[in-house]
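So the protein sequences, as listed, match chains P and V. For the first sequence, our numbering begins at 1 and goes up steadily by one. For the second sequence, our numbering begins at 119 and goes up steadily by one. Note that the Cβ used here is the ideal one computed from N, Cα and C, for glycine as well. Report on one structure; see the data block that follows.
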Amino acid sequence: EVQLMQSGAEVKKPGESLKVSCQASGYSFISYWIGWVRQMPGKGLECMGIINPGDSRTKYNPPFQGQVTISVDKSINTAYLQWSSLKASDTAIYYCVRHRIRTGFDYWGQGTRLTVSS
Amino acid sequence: QSALTQPASVSGSPGQSITISCTGLTSDVGGYDFVSWYQHYPDRAPKLVLSEVNNRPSGVSDRFSGSKSGDTASLTISGLQPDDEGTYYCSSYVTDSIPHVFGTGTEVTVL
Chain P
1 EVQLMQSGAE
11 VKKPGESLKV
21 SCQASGYSFI
31 SYWIGWVRQM
41 PGKGLECMGI
51 INPGDSRTKY
61 NPPFQGQVTI
71 SVDKSINTAY
81 LQWSSLKASD
91 TAIYYCVRHR
101 IRTGFDYWGQ
111 GTRLTVSS
Chain V
119 QSALTQPASV
129 SGSPGQSITI
139 SCTGLTSDVG
149 GYDFVSWYQH
159 YPDRAPKLVL
169 SEVNNRPSGV
179 SDRFSGSKSG
189 DTASLTISGL
199 QPDDEGTYYC
209 SSYVTDSIPH
219 VFGTGTEVTV
229 L
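Shown next as structure tokens:
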């Protein structure tokens with residue numbers, strides 16, 4: 001069974017850094033792109049970017065380029081989403097997703113809720 | 119890349135059929151049969167219900183079906199049930215350099 005298990009909810013202050021994680025199981029981790037989807041409060045879904053765990057190639061949607069860093073550690077089947085300096089506007093739920101061109105986002109993590117507030 | 123356009127809301131009575139549209143461009147929805155649909159309940163992870171326009175993943179009810187004409191894809195839910203209430207999103211392949219782009223989302227209400 002494919003599972004994407006995300007790290008827990010976070011409450012941070014503006015300017016702080018953060019790295020959230022997503023551990024995959026039940027499939028060959030390096031065979032599928034994996035990425036992150038944001039849902040801001042009351043808003044729709046936005047894909048931030050994806051990464052190829054085999055070679056760490058990344059594809060970011062333009063609004064997120066330079067704003068976050070997506071990485072992987074294939075030795076532990078884990079993907080990461082990282083911020084160097086959080087803003088209040090980063091408050092959202094972040095979903096880890098497995099991505100395929102033909103099927104889009106076929107498996108989803110349970111979501112990590114991030115609150116950024118002073 | 120702009121979000122694909124969906125109606126904000128669609129409603130129907132139990133047992134009826136509803137259709138949700140997802141309009142893009144020739145460069146995305148119109149150019150490829152890589153359109154997917156997702157069901158999203160509040161505080162839960164979205165779930166893939168259709169891929170490649172009209173392929174249902176294992177376990178998804180056959181009440182969900184899809185089609186595409188030109189730059190517009192559609193999701194039809196037949197035999198509407200209270201459990202179908204939620205928000206539905208489409209997504210489409212655009213180019214090899216970015217991931218699928220989402221639609222704006224449609225809130226489904228069962229009257």
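Query	Result
Local conformation of residue 13/P per DSSP, three classes	coil
Bridge partners - residue 123/P, DSSP secondary structure assignment	In the structure displayed, chain P extends from 1 to 118; residue 123/P sits before or after that span and is not available.
Status (buried if at least 16 other CB within 10 Å, exposed otherwise) for residue 40/P	exposed
Contact set between residue 126/V and chain P, taken where Cβ atoms lie within less than 8 Å	The contacting residues do not exist; residue 126/V stays about 10 Å from chain P at best.
Euclidean distance between Cα positions of residue 155/V and residue 168/V	5 Å
Nonlocal neighbours in the same chain, by C-beta distance under 6 Å from residue 140/V, ignoring five residues either side	122, 124, 191, 208 and 221
Interface partners of residue 57/P on chain V, CB under 7 Å	Residues of chain V passing the Cβ test: none, with the nearest at roughly 11 Å.
Residue 220/V in three-state terms, based on DSSP	strand
Residues of its chain near residue 149/V, where Cβ-Cβ distance is below 6 Å and the 5 sequence neighbours each way are ignored	none
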